[in-house]
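Novice:
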Amino acid sequence: MAEELFALLTEAKTVYLQEVKIHGKQYRRYVEDFVNSHRYIDCDNAVCRNCHEMNIHIVKGLLTDCPNLIQPLFSAPSLSFEECIELKRKYDTSELASSDCNPAKFSFLSFDCSLSRKQLAGIVSCANTYHLFCSPVTIDDMESLFSCKIGFCLRVNSVRRVAILFDALLENSFIQPYWQSVLERGRFLQSKDGSHFISATSISTTLSLVRNKMTSTAYNIRKFVSQLKE
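Under the numbering used here, the first residue of the sequence shown carries the number 38, and numbering increases by one thereafter.
This is the structure we're talking about:
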């Protein structure tokens with residue numbers, strides 16, 4: 038298992054240098070393409086397939102959550118087996134949760150959206166009309182949120198209404214399906230009392246409840262977002 042992990046990371050290093058460093062490919066896109074192109078192996082043995090699946094999961098986690106550890110290693114002249122084992126150890130321990138690996142520090146988080154100032158103004162109007170956040174928001178706030186500005190966060194007055202807003206933005210193709218993960222990893226939403234950041238699980242659970250019981254406010258928020266295309 039360790040040997041295959043080393044082989045995958047070595048190949049990931051080669052692809053990184055070629056596609057990201059030389060050709061300027063977006064880091065996030067590089068990670069997605071590398072992982073998706075290495076998901077399967079030509080082997081019917083269940084043990085081998087399970088080990089490969091585990092290794093791909095580890096590689097994806099390292100590339101996604103700790104690029105500050107990965108990129109210096111990948112930019113070095115060589116990558117040793119021992120360095121890979123040490124990287125795996127850090128991935129498996131609490132060291133991963135340290136500030137050095139805080140995903141909020143990484144600029145490649147993105148909703149992949151291109152909202153105009155007019156559309157952002159519409160979102161601001163919707164958010165303030167239905168009191169989505171604890172304080173009134175501005176266009177600058179929305180620009181910071183949708184551009185994934187590092188360290189930026191908003192205190193949420195209603196997780197339910199925020200979930201409806203983002204779900205409606207997805208439904209109208211303004212953002213991409215992984216928006217819940219971006220919100221969690223970037224720590225862009227804080228609870229009403231400021232005690233914690235809103236998780237993707239919390240948003241997903243809330244959204245399921247909302248979809249099963251739509252309120253007039255939910256309909257109005259969705260209508261507000263649909264009109265942004267006009």
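For each residue, glycine too, the CB sits at the ideal point set by N, CA and C. None of these values were measured; they are calculated from a predicted model.
Hey, would you say residue 169 sits closer than 8 Å to residue 194, going by beta carbons?
Specialist: Position 132 of the sequence shown, counted from the start, is the residue given in the question as residue 169. Position 157 of the sequence shown, counted from the start, is the residue given in the question as residue 194. Yes, the pair counts as a contact, with Cβ atoms nearer than the cut-off.
Novice: For residue 100 and residue 219, which I take to be in contact (beta-carbon distance under 8 Å), what is that distance rounded to the nearest angstrom?
Specialist: As a working note, residue 100 is residue 63 in the sequence shown. As a working note, residue 219 is residue 182 in the sequence shown. Not quite, the Cβ-Cβ distance comes to about 16 Å (not below 8 Å), so this is no contact.
Novice: Less than 8 Å between the C-beta atoms of residue 244 and residue 205, yes or no?
Specialist: Sequence index remark: in the sequence shown, residue 244 carries index 207 (1-based). Sequence index remark: in the sequence shown, residue 205 carries index 168 (1-based). No. Outside cutoff.
Novice: Shortest alpha-carbon distance to residue 174 belongs to which of 222, 186, 191?
Specialist: As a position in the sequence shown, residue 174 is number 137, starting the count at 1. Nearest of 222, 186, 191 to residue 174, Cα basis: 191.
Novice: Span of the alpha helix (DSSP H) holding residue 98?
Specialist: As a first step, residue 98 is located in the sequence shown; it is residue number 61 there, counting from the start. Here the alpha helix (DSSP H) through residue 98 covers 83 to 102.
Novice: When the Cα of residue 183 is compared with those of 154, 247, 70, which residue comes out closest?
Specialist: Here residue 183 corresponds to residue number 146 of the sequence shown, with the count starting at 1. The candidate whose alpha carbon is nearest that of residue 183 is 154.
Novice: Is residue 159 buried or exposed, if buried means 16 or more other CB atoms sit within 10 Å of its CB?
Specialist: The residue labelled residue 159 in the question sits at position 122 within the sequence shown. The residue in question, residue 159, is buried, as its Cβ has 16 or more Cβ neighbours within 10 Å.
Novice: Tell me which residues share the same chain as residue 229 and place their Cβ nearer than 7 Å to its Cβ, disregarding the 5 neighbours each side in the sequence.
Specialist: In the sequence shown, residue 229 corresponds to position 192, counting from 1. Same-chain partners within the cutoff: 171, 192, 193, 194.
Novice: Given residue 257, which residues of its chain have a CB within under 8 Å of its CB, disregarding the five upstream and five downstream residues?
Specialist: The residue you call residue 257 lines up with position 220 of the sequence shown. Closer than 8 Å at Cβ, skipping near neighbours: 167.
Novice: Which full runs of the alpha helix (DSSP H) of 4+ residues lie inside the segment 198 to 263, going along the chain?
Specialist: Counting whole runs of 4 or more residues, the segment 198 to 263 contains the alpha helix (DSSP H) stretches 216 to 223, 237 to 249, 253 to 263.
Novice: Assign residue 44 to buried or exposed, taking buried as 16 or more other Cβ atoms, counted over all protein chains shown, within 10 Å of its Cβ.
Specialist: In the sequence shown, the residue the question calls residue 44 occupies position 7. Burial call: exposed.
Novice: Within 8 Å, do at least three Cβ pairs link the segment 109 to 122 to the segment 38 to 52?
Specialist: yes
Novice: Between the Cα of residue 214 and the Cα atoms of 148, 49, 189, which residue gives the shortest distance?
Specialist: Mapped onto the sequence shown, residue 214 falls at position 177. Of the residues 148, 49, 189, the one whose Cα lies closest to the Cα of residue 214 is 148.
Novice: Ignore the nearest five residues each way along the sequence and tell me which others in residue 157's own chain have a CB closer than 8 Å to its CB.
Specialist: Numbered from 1 along the sequence shown, position 120 holds the residue referred to as residue 157. For residue 157, where only same-chain residues beyond five positions count, the Cβ hits under 8 Å are 176, 179, 180, 183.
Novice: Among all the DSSP beta bridges, which residues are the ones paired with residue 191?
Specialist: Locating residue 191 in the sequence shown gives position 154, where the first residue counts as 1. According to DSSP, residue 191 bridges with 226.
Novice: Do residue 116 and residue 50 count as a contact pair if the criterion is CB distance below 8 Å?
Specialist: Within the sequence shown, numbered from 1, the residue matching residue 50 stands at position 13. Within the sequence shown, numbered from 1, the residue matching residue 116 stands at position 79. Contact flag set, yes.
Novice: Using a Cβ-Cβ cut-off of 7 Å (strictly less than) and excluding sequence neighbours within five positions of residue 241, which residues of its own chain qualify?
Specialist: In the sequence shown, the residue the question calls residue 241 occupies position 204. Excluding residues within five positions, the ones whose Cβ falls inside 7 Å are 217.
Novice: Grouping DSSP H, G and I as helix and E and B as strand, with all else coil, what is residue 148?
Specialist: Within the sequence shown, residue 148 is the residue found at index 111, counting from 1. Reduced to three states, the DSSP call for residue 148 is coil.
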